[in-house]
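S.K.: Could you have a look at this structure, given as structure tokens, before my questions?
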Amino acid sequence: MILVGYEIDVEEEEHGVEEALRKFYELGSLLERRGEVYVYEVLGIIEKDFEKVLKEMEKLGYWVALKRSKDKTLLYVFPAKNVESRENPLIGIILFVLTLFSTFFAGYILSSLYVATLNELNLPGIKNVYLNALAFSLGIISILGTHEMGHKIAATLHNVKSTFPYFIPFPSFIGTLGAVIRVKSPIPTRNAAVDLGASGPIAGLLVAIPVTIIGLKLSVIVPVDYLKQGETIYFGTSILFYALTKFVLGNLPQGSGIILHPLAVAGWVGILVTFLNLIPAAQLDGGHIARALMPERAHRILTYALGFITLGLSYFWPGWLLWGILILLMGRIGNPGALDEVTPLTPGRKALAILIWIIFAISAVPVPFSQRL
Numbered sequence: 109m110i111l112v113g114y115e116i117d118v119e120e121e122e123h124g125v126e127e128a129l130r131k132f133y134e135l136g137s138l139l140e141r142r143g144e145v146y147v148y149e150v151l152g153i154i155e156k157d158f159e160k161v162l163k164e165m166e167k168l169g170y171w172v173a174l175k176r177s178k179d180k181t182l183l184y185v186f187p188a189k190n191v192e193s194r195e196n197p198l199i200g201i202i203l204f205v206l207t208l209f210s211t212f213f214a215g216y217i218l219s220s221l222y223v224a225t226l227n228e229l230n231l232p233g234i235k236n237v238y239l240n241a242l243a244f245s246l247g248i249i250s251i252l253g254t255h256e257m258g259h260k261i262a263a264t265l266h267n268v269k270s271t272f273p274y275f276i277p278f279p280s281f282i283g284t285l286g287a288v289i290r291v292k293s294p295i296p297t298r299n300a301a302v303d304l305g306a307s308g309p310i311a312g313l314l315v316a317i318p319v320t321i322i323g324l325k326l327s328v329i330v331p332v333d334y335l336k337q338g339e340t341i342y343f344g345t346s347i348l349f350y351a352l353t354k355f356v357l358g359n360l361p362q363g364s365g366i367i368l369h370p371l372a373v374a375g376w377v378g379i380l381v382t383f384l385n386l387i388p389a390a391q392l393d394g395g396h397i398a399r400a401l402m403p404e405r406a407h408r409i410l411t412y413a414l415g416f417i418t419l420g421l422s423y424f425w426p427g428w429l430l431w432g433i434l435i436l437l438m439g440r441i442g443n444p445g446a447l448d449e450v451t452p453l454t455p456g457r458k459a460l461a462i463l464i465w466i467i468f469a470i471s472a473v474p475v476p477f478s479q480r481l
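Structure representation (structure tokens):
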């Protein structure tokens, strides 16, 4: 971008950038220049902390990227974008309030069905529809909000510029499409990519688990025959949700089922959201982690494969059709990966990635909803 009123001596600027870079790297010759992008061969790395290098180069108005090309290490130097634009906090506040209302309304519908079922079958339980709806709304909001704040904290720790969470109200089963933060600057390292990808699901799950436990304590155990008396939606069970059910309710009597309290449904949704976000495709949370573990081409192939597998799963649950299409569309955009793809992952990040795939497996729900046992 050219700013009117400023003149830049290109040769002097190039010399100044190269001089700054030589404090961090042993540079070979300038291999290529594509407009404002410089490409150097790196003969040796002096400064191992890439985030420190990036921070220093940002002061000069540049970002840098370390990439492998066959047997060479290449350093790309290019102008940094201005990411300091202010966000209007009012938009986030309005969306949050609207999401409170939309999740409360969804919770009200769910709670009305819950209370009606208890009354119809003459069962005990909390029968205040508004209280149950509020519990559902706060459960959903706390899980989603904590998930996104996990991302925000990890981004801040790695000096990645990002927005605060934006909640998305939507007239659906849970009253929202979730919450998002927008990353405004590149992810610096593969270690940072793992941290950013893992932080949200782990933070959200740490809230979803106690929400689920409390919700299960408020739920009602009934004979399965009771559930067959009317129109019933059955929630698919992940390994984690099954384990929590065992922990809270113990072994259910033969031929028994559970009428889930709305708060338990919120916890179940939180576990499902964790699973969906950890699908290792495109720019989903799991996608960022997978991309840190493999080259771009391999990850693109994995993304398309998962997209088609998800489409196949729509035979069992129609909702997978939307997810399959979404993954394939995101696959066209791809995942650029971290700026530094040369420095290997630390043992701690490798262990974190393994933990994430374990969480992905135990929170998986192949068929989230059905209308029969």
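481 is the number that the working numbering gives the last residue of the sequence shown; the numbers go up by one with no jumps.
Virtual Cβ for every residue (Gly too), placed ideally from N, Cα, C.
What you are looking at is a predicted structure, and each value in this text was computed from that prediction instead of being measured.
1) When the Cα atoms are used, what is the spatial distance from Glu256 to Val381?
2) So, is Phe275 buried or exposed, given that buried needs 16 or more other C-beta atoms within 10 angstroms?
3) Within 10 Å of its beta-carbon, does Lys260 have 16 or more other beta-carbons around it, so buried, or fewer, so exposed?
4) Following the continuous beta strand (DSSP E) through Val288, name the residue where it begins and the one where it ends.
5) Cα separation between Glu120 and Leu138?
6) Helix or strand or just coil, what does DSSP make of Trp171?
7) Could you tell me the distance, in whole angstroms, from the CA atom of Tyr350 to the CA atom of Val332?
8) Just grab the DSSP bridge partners of Leu138 for me.
9) Give the single residue among Ala287, Arg130, Ile379, Ser422 whose Cα lies nearest to the Cα of Val315.
10) Can at least three beta-carbon pairs, one atom from the segment 184-193 and one from the segment 351-365, be found at a separation below 8 Å?
11) Contact between the segment 406-416 and the segment 430-448: three or more CB pairs below 8 Å?
12) For the beta strand (DSSP E) that Leu183 lies in, which residues bound it at each end?
13) Pull up the distance between the alpha-carbon of Pro279 and that of Ser210, whole angstroms please.
14) Under a three-way DSSP split, which group does Asp157 fall into?
15) Please report how far the alpha carbon of Ala461 lies from the alpha carbon of Ala311, in whole angstroms.
16) Taking all protein chains shown into account, decide if Thr264 is buried (16 or more other Cβ within 10 angstroms of its Cβ) or exposed.
17) Are Phe271 and Ile249 closer than 7 Å when you measure CB to CB?
18) How big is the Cα-Cα spacing for Glu159 and Pro296?
19) Quick one: is Pro232 buried, meaning 16 or more other Cβ sit within 10 Å of its Cβ, or exposed?
20) Thinking C-alpha only, which one of Val223, Gly394, Pro294 is nearest Ile467?
21) Whose C-alpha, out of Gly432, Ile397, Trp431, Ile470, is nearest the C-alpha of Pro444?
22) Measure the C-alpha to C-alpha separation of Pro474 and Glu149 and round it to an integer number of angstroms.
23) Return no unless some Cβ of chain B is closer than 7 Å to the Cβ of Gly365.
24) What is the residue span of the alpha helix (DSSP H) that Ile238 lies within?
25) So for Thr80, helix, strand or coil by DSSP?
26) Could you please give the first and the last residue of the uninterrupted alpha helix (DSSP H) stretch that includes Val319?
27) Assuming Leu174 and Val147 form a contact by the criterion Cβ under 8 Å, report the distance between their Cβ atoms to the nearest whole angstrom.
28) Does DSSP put Pro331 in a helix, a strand or coil?
29) Whole angstroms is fine: what's the gap from Glu195's alpha carbon to Gly308's?
30) For Pro370, report the span of its beta strand (DSSP E) as first-last.
31) By the DSSP assignment, the beta strand (DSSP E) with Ser364 in it spans what residues?
32) What do you get for Val185, buried or exposed, if any count of 16 or more other CB atoms within 10 angstroms of its CB means buried?
33) Mapping the DSSP letters down to three states, classify Pro197 as helix, strand or coil.
34) Using three-state DSSP, classify Ser293 as helix, strand or coil.
35) Could you spell out where the alpha helix (DSSP H) holding Phe349 opens and where it closes?
36) Which value, in whole angstroms, describes the spacing of the CA atoms of Lys178 and Arg399?
M.R.: Concretely, from the data shown:
1) The residue you call residue 256 lines up with position 148 of the sequence shown. The residue you call residue 381 lines up with position 273 of the sequence shown. For Glu256 and Val381, the distance between alpha carbons rounds to 12 Å.
2) Start at 1 with the first residue of the sequence shown, and residue 275 comes out as number 167. Counting Cβ neighbours within 10 Å, Phe275 comes out buried, since at least 16 surround it.
3) For the purposes of this step, residue 260 is identified with residue 152 of the sequence shown, where counting begins at 1. Buried: at least 16 other Cβ atoms inside 10 Å.
4) Sequence index remark: in the sequence shown, residue 288 carries index 180 (1-based). Its beta strand (DSSP E) spans residues 284-288.
5) As a position in the sequence shown, residue 120 is number 12, starting the count at 1. As a position in the sequence shown, residue 138 is number 30, starting the count at 1. Per-residue confidence for Glu120 stands at a pLDDT of 40, beneath the threshold of 50, marking its modelled position as unreliable; the derived number appears in the next sentence. Between Glu120 and Leu138, the C-alpha separation is close to 15 Å.
6) The residue you call residue 171 lines up with position 63 of the sequence shown. Correct three-state label for Trp171: strand.
7) The residue you call residue 350 lines up with position 242 of the sequence shown. The residue you call residue 332 lines up with position 224 of the sequence shown. Those two C-alpha atoms are separated by around 17 Å.
8) As a first step, residue 138 must be located in the sequence shown, where it is residue number 30. Note: Leu138 sits in a beta bridge opposite Tyr148.
9) Within the sequence shown, numbered from 1, the residue matching residue 315 stands at position 207. For Val315, the nearest C-alpha among the options comes from Ile379.
10) no
11) yes
12) By one-based count along the sequence shown, residue 183 stands at place 75. Where Leu183 is concerned, the enclosing beta strand (DSSP E) stretches over 180-187.
13) Taking the first residue of the sequence shown as 1, we reach residue 279 at position 171. Taking the first residue of the sequence shown as 1, we reach residue 210 at position 102. If I take the Cα positions, the gap works out to 7 Å.
14) Within the sequence shown, the letter at position 49 stands for residue 157. Three-state DSSP puts Asp157 in coil, outside helix and strand.
15) Residue numbering aside, residue 461 sits at position 353 when the sequence shown is read from its first letter. Residue numbering aside, residue 311 sits at position 203 when the sequence shown is read from its first letter. If you take the alpha carbons of Ala461 and Ala311, they lie about 15 Å apart.
16) To locate residue 264, count along the sequence shown from 1; it is residue 156. Exposed, by the Cβ-count rule.
17) Here the question's residue 271 lines up with position 163 in the sequence shown. Here the question's residue 249 lines up with position 141 in the sequence shown. In the sequence as displayed, the identity of residue 271 is Thr instead of Phe. Contact flag unset, no.
18) Residue mapping note: residue 159 aligns to position 51 of the sequence shown, counting from 1. Residue mapping note: residue 296 aligns to position 188 of the sequence shown, counting from 1. Cα-Cα distance, rounded: 6 Å.
19) Counting from 1 along the sequence shown, the entry for residue 232 is found at position 124. Exposed, because fewer than 16 other Cβ atoms sit within 10 Å of the Cβ of Pro232.
20) On the sequence shown, residue 467 is found 359 positions in, with the first residue counted as 1. Of Val223, Gly394, Pro294, the residue nearest in Cα terms is Gly394.
21) Taking the sequence shown and counting its residues from 1, the one referred to as residue 444 is at position 336. Here the closest residue by C-alpha is Ile397.
22) In the sequence shown, residue 474 corresponds to position 366, counting from 1. In the sequence shown, residue 149 corresponds to position 41, counting from 1. One C-alpha to the other measures close to 47 Å.
23) Included in the structure is just one protein chain, with no chain B present.
24) As a working note, residue 238 is residue 130 in the sequence shown. The question names Ile, but residue 238 in the sequence shown is Tyr. Element bounds for Tyr238: 237-265.
25) Because the chain in this structure spans residues 109 to 481, residue 80 falls outside the shown range and cannot be described.
26) For this step, residue 319 is matched to residue 211 along the sequence shown. It spans 298-325 - the alpha helix (DSSP H) in which Val319 sits, taken as one unbroken run.
27) Position 66 of the sequence shown, counting from 1, holds the residue named residue 174. Position 39 of the sequence shown, counting from 1, holds the residue named residue 147. Contact flag wrong, Cβ pair sits at about 11 Å.
28) For the purposes of this step, residue 331 is taken as the residue at position 223 of the sequence shown. Note: Pro331 maps to strand in three-state DSSP.
29) Stepping through the sequence shown from its first residue, residue 195 is reached at position 87. Stepping through the sequence shown from its first residue, residue 308 is reached at position 200. In a straight line, the C-alpha of Glu195 is about 22 Å away from that of Gly308.
30) On the sequence shown, residue 370 is found 262 positions in, with the first residue counted as 1. Where Pro370 is concerned, there is no enclosing beta strand (DSSP E), although the alpha helix (DSSP H) it sits in stretches over 370-385.
31) Against the sequence shown, residue 364 aligns to sequence position 256. Segment 364-367, the beta strand (DSSP E) holding Ser364.
32) Within the sequence shown, the letter at position 77 stands for residue 185. Val185 should be labelled buried.
33) In the sequence shown, residue 197 corresponds to position 89, counting from 1. Pro197: helix per DSSP, three-state reduction.
34) If you number the sequence shown from 1, residue 293 lands on position 185. Ser293 falls in the coil class under three-state DSSP.
35) Numbered from 1 along the sequence shown, position 241 holds the residue referred to as residue 349. Unbroken alpha helix (DSSP H) run through Phe349: 347-357.
36) Along the sequence shown, one-based indexing puts residue 178 at 70. Along the sequence shown, one-based indexing puts residue 399 at 291. If I take the Cα positions, the gap works out to 19 Å.
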